[in-house]
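Structure first, then comments.
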Amino acid sequence: MELIQEADRSKWMVHSNHSIRCFTQGDIERMSNNYRTSLGRGAFGEVYEGVLEDGSMVAVKRLIGSVKEQFAKELIIHREINHKNVVRLIGYCVEENVLVLVMEYIANGNLNDVLHDDSRPIPLDIRLRIAIECAEALAYMHSHMYTQVIHGDIKPGNILLDSNFHAKLSDFGISRVVNTDKTLYTNNVIGSIGYMDPLFSLDGRLTVKYDVYSFGAVLVELITRKKAVVENVNNVYAFSNALTRGVRGVREMLDVDIARKNNMKVLEGVAKLAGECLRMDRDKRPGMIVVAERLRVLQKSSYQDQGRQRVDLFSWAWKSIPAPAALVNIQANILPSDMCRQFSFAEMKSATNNFDNSLLVGKGGSGRVYCGQINGRKTNVAIKCMYTDTVVNEFYTEIEMMSKHRHRNLVPLIGYCIEEDAMILVYDYMASGSLHGHLHGEQKLPLSWKQRIEICIGAGHGLRYLHEQQIIYLNLKMKNILLDEEWVAKITDLSLSRTGTSVKTRVAGTHGYIDPEYLITGRPTEKSDVYSFGVVLLETLSAQRPYYSIRQDEQGHSLSSWTLRCKEEGNLDQIVDPCLMGIINLWSLNKFVEIALKCVALKGIDRPSMGDVISDLEHALQWQESADASESSILPSRLCRQFWFAEMEAVTNYFDKSLLIDSGSFDRVYHSQIDGVAITLVDVTHVYSVCAFHGLIEITSKLVHDHLVPLIGYCDEQEMMLLVYEYVAGGNLSEHLYGTRKPPLNWIQRMEICVGVARGLCYLHGWQLTHGAVRTSNILLDEECLAKITNLALPPNLLDNQASKVHETDGYIDPEYLHTGVHTEKSDVYCFGLVLLEVLFGRPVIKHQRLEEQIAWLLIRGVQQQTLDYLDQNVDPFLRGKINPQFLKKFFRTAAKCLAEKGIHRPSMRDVMSDLQYAHFSLKLGWITDDSGCMSDDAMDEGR
Numbered sequence: 001m002e003l004i005q006e007a008d009r010s011k012w013m014v015h016s017n018h019s020i021r022c023f024t025q026g027d028i029e030r031m032s033n034n035y036r037t038s039l040g041r042g043a044f045g046e047v048y049e050g051v052l053e054d055g056s057m058v059a060v061k062r063l064i065g066s067v068k069e070q071f072a073k074e075l076i077i078h079r080e081i082n083h084k085n086v087v088r089l090i091g092y093c094v095e096e097n098v099l100v101l102v103m104e105y106i107a108n109g110n111l112n113d114v115l116h117d118d119s120r121p122i123p124l125d126i127r128l129r130i131a132i133e134c135a136e137a138l139a140y141m142h143s144h145m146y147t148q149v150i151h152g153d154i155k156p157g158n159i160l161l162d163s164n165f166h167a168k169l170s171d172f173g174i175s176r177v178v179n180t181d182k183t184l185y186t187n188n189v190i191g192s193i194g195y196m197d198p199l200f201s202l203d204g205r206l207t208v209k210y211d212v213y214s215f216g217a218v219l220v221e222l223i224t225r226k227k228a229v230v231e232n233v234n235n236v237y238a239f240s241n242a243l244t245r246g247v248r249g250v251r252e253m254l255d256v257d258i259a260r261k262n263n264m265k266v267l268e269g270v271a272k273l274a275g276e277c278l279r280m281d282r283d284k285r286p287g288m289i290v291v292a293e294r295l296r297v298l299q300k301s302s303y304q305d306q307g308r309q310r311v312d313l314f315s316w317a318w319k320s321i322p323a324p325a326a327l328v329n330i331q332a333n334i335l336p337s338d339m340c341r342q343f344s345f346a347e348m349k350s351a352t353n354n355f356d357n358s359l360l361v362g363k364g365g366s367g368r369v370y371c372g373q374i375n376g377r378k379t380n381v382a383i384k385c386m387y388t389d390t391v392v393n394e395f396y397t398e399i400e401m402m403s404k405h406r407h408r409n410l411v412p413l414i415g416y417c418i419e420e421d422a423m424i425l426v427y428d429y430m431a432s433g434s435l436h437g438h439l440h441g442e443q444k445l446p447l448s449w450k451q452r453i454e455i456c457i458g459a460g461h462g463l464r465y466l467h468e469q470q471i472i473y474l475n476l477k478m479k480n481i482l483l484d485e486e487w488v489a490k491i492t493d494l495s496l497s498r499t500g501t502s503v504k505t506r507v508a509g510t511h512g513y514i515d516p517e518y519l520i521t522g523r524p525t526e527k528s529d530v531y532s533f534g535v536v537l538l539e540t541l542s543a544q545r546p547y548y549s550i551r552q553d554e555q556g557h558s559l560s561s562w563t564l565r566c567k568e569e570g571n572l573d574q575i576v577d578p579c580l581m582g583i584i585n586l587w588s589l590n591k592f593v594e595i596a597l598k599c600v601a602l603k604g605i606d607r608p609s610m611g612d613v614i615s616d617l618e619h620a621l622q623w624q625e626s627a628d629a630s631e632s633s634i635l636p637s638r639l640c641r642q643f644w645f646a647e648m649e650a651v652t653n654y655f656d657k658s659l660l661i662d663s664g665s666f667d668r669v670y671h672s673q674i675d676g677v678a679i680t681l682v683d684v685t686h687v688y689s690v691c692a693f694h695g696l697i698e699i700t701s702k703l704v705h706d707h708l709v710p711l712i713g714y715c716d717e718q719e720m721m722l723l724v725y726e727y728v729a730g731g732n733l734s735e736h737l738y739g740t741r742k743p744p745l746n747w748i749q750r751m752e753i754c755v756g757v758a759r760g761l762c763y764l765h766g767w768q769l770t771h772g773a774v775r776t777s778n779i780l781l782d783e784e785c786l787a788k789i790t791n792l793a794l795p796p797n798l799l800d801n802q803a804s805k806v807h808e809t810d811g812y813i814d815p816e817y818l819h820t821g822v823h824t825e826k827s828d829v830y831c832f833g834l835v836l837l838e839v840l841f842g843r844p845v846i847k848h849q850r851l852e853e854q855i856a857w858l859l860i861r862g863v864q865q866q867t868l869d870y871l872d873q874n875v876d877p878f879l880r881g882k883i884n885p886q887f888l889k890k891f892f893r894t895a896a897k898c899l900a901e902k903g904i905h906r907p908s909m910r911d912v913m914s915d916l917q918y919a920h921f922s923l924k925l926g927w928i929t930d931d932s933g934c935m936s937d938d939a940m941d942e943g944r
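Using the UniProt record's numbering, the first residue of the sequence shown is number 1, and each one after it goes up by one.
Shown next, in the form of structure tokens:
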């Protein structure tokens, strides 16, 4: 019997990354020479040497035994991860009980073997680089991916080293893919002795801080060159205990090969960082973004300690040091005075009162900036004094670029000074500071949404100009967008700019803004700038930094991944700066977020040009200006069209019954054509008061989501109240489940519909709206079976009594609402639980039929019996025997949780959606496991 059936194998191929190859068993046997040369063996299989048809070396990992779960996880995770410090997946084979992963070949084996081979000296700089590269990969997995990944087995044996000793993480067989707003609980023991978080064994909680602990153990091993556990002695615990006496307490444990005096400061810094990672309070462990940044600082300090003496440019205790060759070259090619003025050092001292600290307005890694005055103190300027030992090339680039390129949205370079080993740049003074200062700094002011968009458009024009000059900027961030006295945005600091796309060993830019594709390839393009600009757009909207925490006790998220999550879940309000709440136009917001997310696409080819970005930003600005100008109107004409009643009569042939496609107690739905667009007309005369009707229009017209039916227009004339919706051709869900005129839906289609509805409800709840009438008849399906929710109801307190009763008599009623009269988000959750059961059992909630056939009865009996046989006997006959039994039980339990009698015991729609999404993905792969990454029942209860 084959491990994976033919139908399921085709699903693997369809849903796999296009760049990952699907090999046959014959391909694997040929490339590995029938598994001839073994490279190593692990808990789940063995790795063999292989050669592809083009001659390139690969590692062939053959999994052995009952390891479907590990294989699935490793393949799923490798499809999602694209990072230069993670081993690259080339392909896989799923055939005839053979599970094989084909990975890139890593020449120098693993860190464990290298580190504990005493014949190999390993300099401190190599060890630091390995640590940094591992930390960056983990930071990417924890915070930069849309779906968070916890590795779960960080140890030297899973850190591979290429021919240049660059680190690459491997072995994701026990990793976990999770949603960042959850904590996983599992009873399974994961990890390796010595590297496993002790807290995990106590409470079973699996968070990103598990990896942080393991990484701390690796840091200890890197600087001591002692294995974590040797002959029942735990060296990691011993190190932590010694560290309680201070960093000097661990000196005797350090590897003697690197424990030299000039390394001691750096080693103590690494030791201190390792101790923080190993803290027994997981909330006090740093995130991997912080860990990576601190290691980079230590690496820089290490370079400086190894023979480099920094010239303290700002003590002005000048020494006679020969000018670097690059400075001599600049002086030999002095630019024309009409382009860029050369100042003397005496002029610079005079302009800044001998570099008075009271005139210091900013400082960074390349130098300090003073406010000064020239031309007889008539002209205010910004004077940037740069460090001579590290930024000679940047200084030259800045002069060359800024002096030759002039644009309204670039800060003008006035001149420079090269004298007495000083490198000084003189710019036009920007009176209104930087965008960073207004959103994050001390000069923080409540910028309006219109101002923010205009600033972004200005910066965009500056960036487009540079691209037209074949210049890649590579240094776009909030601090480099300055504002003049009229609030015109101007880009500054072109010192990292390049005029080509050649590969460089040093990646230029600032962490959080750097294009991930550039990080992987080392080759910058104009689209690298577009990515950085997208990050700036999201910062401008949220007033949050590129990485931030939703809660103070939580690992940081990348702003782009969090915005994407909020958009898909309909929770954009969570990402909007509170200063903008209530004044930002919804259409302007959606357009702005849409273009920002396009800019931060992972692949450069999917990002727009700066010209397209500017055009879309101008549309977002127009929406906001239009909204500001028409605040008193019910609806801007662009959002929702008002029809004449005569038009309604004409397009429905005077409400001809032959065009009637649905009717209820107080509404009738007709199908017609206006301007070639299929729409639905709803008569709601008897349901709403005029005031409530206008309120419904105002709310519905602003909602834009793939899983909501859009409102096109309305009519409130001749005592007729009509809503005009987009026509959805596939009918409603109830017709497909137990109607007679629609074809039955398979299980994957039903899962996709449930996920879509959950997303739509999350969107509504994100705007503090409830649907109020969630049921299968209000879920429409288009030609591709995409679910769209319709008939949004106003809260009952805004309806008249008759309308309220309508919603109470159709079977979809939250029992808690019957007692309290208050309709909440958990009321929608309850009704959605009933929808899930209708989807599963293929019959309506309430029908005049035998009690034992009603869904409510099936639910009670199902909860009581909790048997797969009972559930399988009562599912929709069309699905019987076609659903994985384990999945059937999980799906039923999800529905049962939604139907808890008290709202406080029901999950949020976000929790429900998240579990359904993961289950849907697992269903496509054909495998559902006990520990699939979904929360267990106990975990869901405990985590709330």
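Here a beta-carbon is modelled for each residue, glycine too, at the ideal position from N, C-alpha and C.
- In chain order, L89 place their CB closer than 6 angstroms to the CB of H78, counting only its own chain and leaving out the 5 sequence neighbours on each side.
- Three or more Cβ pairs closer than 8 angstroms define a contact, and the region 555-574 falls short of that threshold against the region 409-422.
- In the structure shown, H819 adopts helical secondary structure according to DSSP, grouped into three states.
- Annotation for M103: the continuous beta strand (DSSP E) segment containing it runs V98 to E104.
- Taking 8 angstroms as the cut-off, the Cβ atoms of I457 and L621 count as close.
- Residue environment: G152 is assigned as buried (16 or more neighbouring CB atoms within 10 Å of its CB, all protein chains considered).
- Nearest to L254 by C-alpha distance, out of E618, L267 and R245, is L267.
- Looking at the DSSP output, M386 shares a beta bridge with G367 and M423.
- DSSP places L836 within a helical segment (H, G or I) once states are collapsed to three.
- Going by DSSP, C715 is part of the beta strand (DSSP E) stretching over L711 to E717.
- Taken atom to atom, the span from the alpha-carbon of C715 to that of L769 is near 23 angstroms.
- If you draw a straight line from the Cα of P123 to the Cα of R225, it comes to about 12 angstroms.
- A direct Cα-Cα distance of roughly 51 angstroms separates L39 from G766.
- Cβ-Cβ distances below 7 angstroms link R607 to K527, V530, Y531, K598, C599 and A601 in the same chain, with the five nearest sequence neighbours on each side left out; the list follows chain order.
- With contacts defined by Cβ atoms closer than 8 angstroms, L219 and A137 do not form a contacting pair.
- DSSP places Y812 outside both helix and strand once states are collapsed to three, so it counts as coil.
- Between V593 and A758, the CB-CB gap reaches or exceeds 8 angstroms.
- The region 638-655 and the region 705-715 touch, with no fewer than 3 CB-CB distances between them shorter than 8 angstroms.
- Per the C-alpha coordinates, the member of Y48, D27 and Q25 positioned closest to R36 is Y48.
- Beta-bridge pairing by DSSP links V51 to M57.
- Distances from the CA of F215 to each of E231, S192 and V233 were compared; the closest alpha carbon is that of S192.
- Taking 4 residues as the shortest admissible run, the region 538-625 contains the following complete alpha helix (DSSP H) segments, listed from N- to C-terminal end: 559-569 and 586-599.
- Boundaries of the beta strand (DSSP E) around C93: L89 to E95.
- Judged by their CB atoms, L295 and A271 are not nearer to each other than the 8 angstroms cut-off.
- Residue pairing from DSSP leaves E293 without any beta-bridge partner.
- Cβ neighbours of V835 within its own chain (closer than 8 angstroms, five residues either side excluded): L733, C754, V757, V774, R775, T776 and I779.
- For G756, the uninterrupted alpha helix (DSSP H) segment begins and ends at W747 to G766.
- For L780, the enclosing beta strand (DSSP E) begins and ends at I779 to L781.
- The beta carbon of L360 sits closer than 7 angstroms to the beta carbons of R368 and Y370 from its chain, once the five residues preceding and following it are set aside; these are given in chain order.
- Boundaries cannot be given for A107, as no alpha helix (DSSP H) includes it and DSSP labels it neither H nor E.
- Per the coordinates, the alpha-carbon of L52 lies some 13 angstroms from the alpha-carbon of C22.
- Nearest Cα to I76 within the set G534, K84 and L101: L101.
- A Cβ-Cβ distance of about 5 angstroms is found for the pair L169 and V86, placing them in contact under the 8 angstroms criterion.
- Bridge partners of N380 according to DSSP: Q373.
- In this structure, H461 lies near I614, with their beta-carbon atoms less than 8 angstroms apart.
- In this structure, M402 is the residue among M402, L589 and R452 with its C-alpha nearest to the C-alpha of R498.
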